[in-house]
Amino acid sequence: MPSFRHPLYEKLSQYKFILGSTSPRRLDILHNNLNIKDVTIIGSSFEENLTKEGISNEEYVRQTSRGKAESILTDFRDTSEATLILTSDTVISCNGEIFEKPGTKENQRHMFEKYHLYPDIKVITAVTIVIPDSTDPLIMQDTAITRLVFDTDCSSELVDAYINSEEGLQVAGGFKFQELGSLFFKGIEGDYFNVVGLPVATTFHLLEQAVSK
200 MPSFRHPLYE
210 KLSQYKFILG
220 STSPRRLDIL
230 HNNLNIKDVT
240 IIGSSFEENL
250 TKEGISNEEY
260 VRQTSRGKAE
270 SILTDFRDTS
280 EATLILTSDT
290 VISCNGEIFE
300 KPGTKENQRH
310 MFEKYHLYPD
320 IKVITAVTIV
330 IPDSTDPLIM
340 QDTAITRLVF
350 DTDCSSELVD
360 AYINSEEGLQ
370 VAGGFKFQEL
380 GSLFFKGIEG
390 DYFNVVGLPV
400 ATTFHLLEQA
410 VSK
């Protein structure tokens, strides 16, 4: 199979590439869809507890993604090695309400009840790229939105079975779209990969901009 060659990869080869996430799905997307193979994983220590009051859902996600990046930046601010940090944050927005990881079956059931009432759902992801510098680090961001249509004809038995499976307890919105969670949706508009971990085209173009600065 011919290799995929693009000027971005020569530029990226000059950096230590850090993924500020322990998500296996995001790492898979970097490897398989963005062709970025040499990745160092560092989990962010940022506490995802920002207030949602007075800001848009998009701004909330951007602030959270940036907070993750800045928590990692503190360890690399004075590094002499060229470093690039990538973080992201994803939430589900339903009727203007932000749904993150449910954590409990009760919270997850509340989310599915809302999906039945308001089946037009937005998946919002903010991507942040930071290139450390001792005085003025480069920080760039972009946001991707994918729209999903919930199938309001799905049975309560299906919802019960999914909740009891615990598949979606630790993911934004309470469902894994790339797995059994896809049973609940009948439409998608936008980047599929945005729903499952990381918006591919958005991330690629943001990387292009960052390494050309």
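When you number the sequence shown by our numbering, it's gap-free, plus one each residue, and the end is 412. Just so you know, even glycine gets a beta-carbon here, dropped at the ideal spot from N, CA and C. Note that this is a predicted model, so its numbers are computed, not measured.
Check whether the segment 393-411 and the segment 249-266 are in contact - that is, three or more C-beta pairs closer than 8 Å. no
Measure the alpha-carbon distance for Thr402 versus Ile241 and round it to whole angstroms. Counted from its first residue, the sequence shown places residue 402 at position 203. Counted from its first residue, the sequence shown places residue 241 at position 42. When rounded, the distance between both Cα atoms is 18 Å.
Outcome for Gly266 when other beta-carbon atoms lying within 10 angstroms are tallied against a minimum of 16: Indexing the sequence shown from 1 puts residue 266 at position 67. Buried, by the Cβ-count rule.
Tell me whether Leu316 is buried or exposed, calling it buried when 16 or more other Cβ atoms sit within 10 Å of its Cβ. As a position in the sequence shown, residue 316 is number 117, starting the count at 1. Exposed is the call here.
Can you tell me where the alpha helix (DSSP H) with Asp227 in it begins and where it stops? Working through the sequence shown from its first residue, we reach residue 227 at position 28. Element bounds for Asp227: Pro223 to Asn231.
Do you know whose CA, among Leu283, Glu388, Thr342 and Tyr314, lies nearest Asn298's CA? Counted from its first residue, the sequence shown places residue 298 at position 99. Note that residue 298 is Phe in the sequence shown, not Asn. Residue Tyr314 is the option with its Cα nearest to Phe298.
Can you tell me where the alpha helix (DSSP H) with Thr402 in it begins and where it stops? Here residue 402 refers to the residue found at position 203 of the sequence shown. Segment Val399 to Val410, the alpha helix (DSSP H) holding Thr402.
What is the DSSP secondary structure of Ala343, reduced to helix, strand or coil? Counted from its first residue, the sequence shown places residue 343 at position 144. Strand.
Among Cys353, Ser287, Arg204 and Glu269, which has the Cα closest to the Cα of Val326? Here residue 326 refers to the residue found at position 127 when the sequence shown is read from its first residue. Among Cys353, Ser287, Arg204 and Glu269, the Cα nearest to that of Val326 belongs to Ser287.
List the endpoints of the continuous beta strand (DSSP E) containing Ile146. Since the first residue shown for the chain is 200 and the last is 412, residue 146 is missing from the structure and cannot be characterised.
Around the Cβ of Pro206, are there at least 16 other Cβ atoms within 10 angstroms (buried) or fewer (exposed)? By 1-based counting over the sequence shown, the position of residue 206 is 7. Burial call: exposed.
So within the segment 332-384, which uninterrupted beta strand (DSSP E) runs reach at least 3 residues, ignoring any that extend past its ends? 337-349
To the nearest whole angstrom, what separates the beta carbons of Ser222 and Arg276, a pair I think is in contact under 8 Å? Taking the sequence shown and counting its residues from 1, one reaches residue 222 at position 23. Taking the sequence shown and counting its residues from 1, one reaches residue 276 at position 77. No, Ser222 and Arg276 are not in contact; Cβ-Cβ is about 25 Å, not under 8 Å.
Secondary structure, alpha helix (DSSP H): runs of 4+ residues fully inside the segment 262-302: none
Going by alpha carbons, who is nearest to Ser364 out of Tyr391, Thr303 and Val348? Translated into the one-based positions of the sequence shown, residue 364 becomes position 165. Minimum Cα distance to Ser364 is reached at Thr303.
Closest by C-alpha distance to Thr324, when choosing among Phe203, Glu209, Leu249 and Gly396: Within the sequence shown, residue 324 is the residue found at index 125, counting from 1. Checking every option, the nearest Cα to that of Thr324 belongs to Gly396.
Beta-bridge pairing of Gly386 - partner residues as DSSP gives them: Within the sequence shown, the letter at position 187 stands for residue 386. DSSP, once it has assigned bridges, lists Val348 as partnering Gly386.
CA-to-CA distance, Tyr391 to His404, given in whole angstroms: Reading the sequence shown from its first residue, position 205 is the one you call residue 404. Reading the sequence shown from its first residue, position 192 is the one you call residue 391. Computed Cα separation, rounded: 17 Å.
Using the Cα positions of Glu366 and Lys375, report the straight-line distance between them to the nearest angstrom. Stepping through the sequence shown from its first residue, residue 366 is reached at position 167. Stepping through the sequence shown from its first residue, residue 375 is reached at position 176. If you take the alpha carbons of Glu366 and Lys375, they lie about 7 Å apart.
Between the beta-carbon of Phe384 and the beta-carbon of Cys353, is there less than 7 Å? Position 185 of the sequence shown, counted from the first residue, corresponds to residue 384. Position 154 of the sequence shown, counted from the first residue, corresponds to residue 353. Against a cut-off of 7 Å, the Cβ pair of Cys353 and Phe384 comes out as no contact.
Are the CB atoms of Arg346 and Glu312 within a distance shorter than 7 Å? Within the sequence shown, the letter at position 113 stands for residue 312. Within the sequence shown, the letter at position 147 stands for residue 346. Their beta carbons are not under 7 Å apart, which means Glu312 does not touch Arg346 by this criterion.
Close-in-space but distant-in-sequence residues of the same chain around Lys300 (CB under 7 Å, 5 per side omitted): By 1-based counting over the sequence shown, the position of residue 300 is 101. Within the same chain, Lys300 has close Cβ partners Gln369, Val370 and Ala371.
Near the ligand MN: Val358 beta-carbon under 6 Å from a heavy atom: Absence of the ligand MN is noted for the structure shown, with no ligands found whatsoever.
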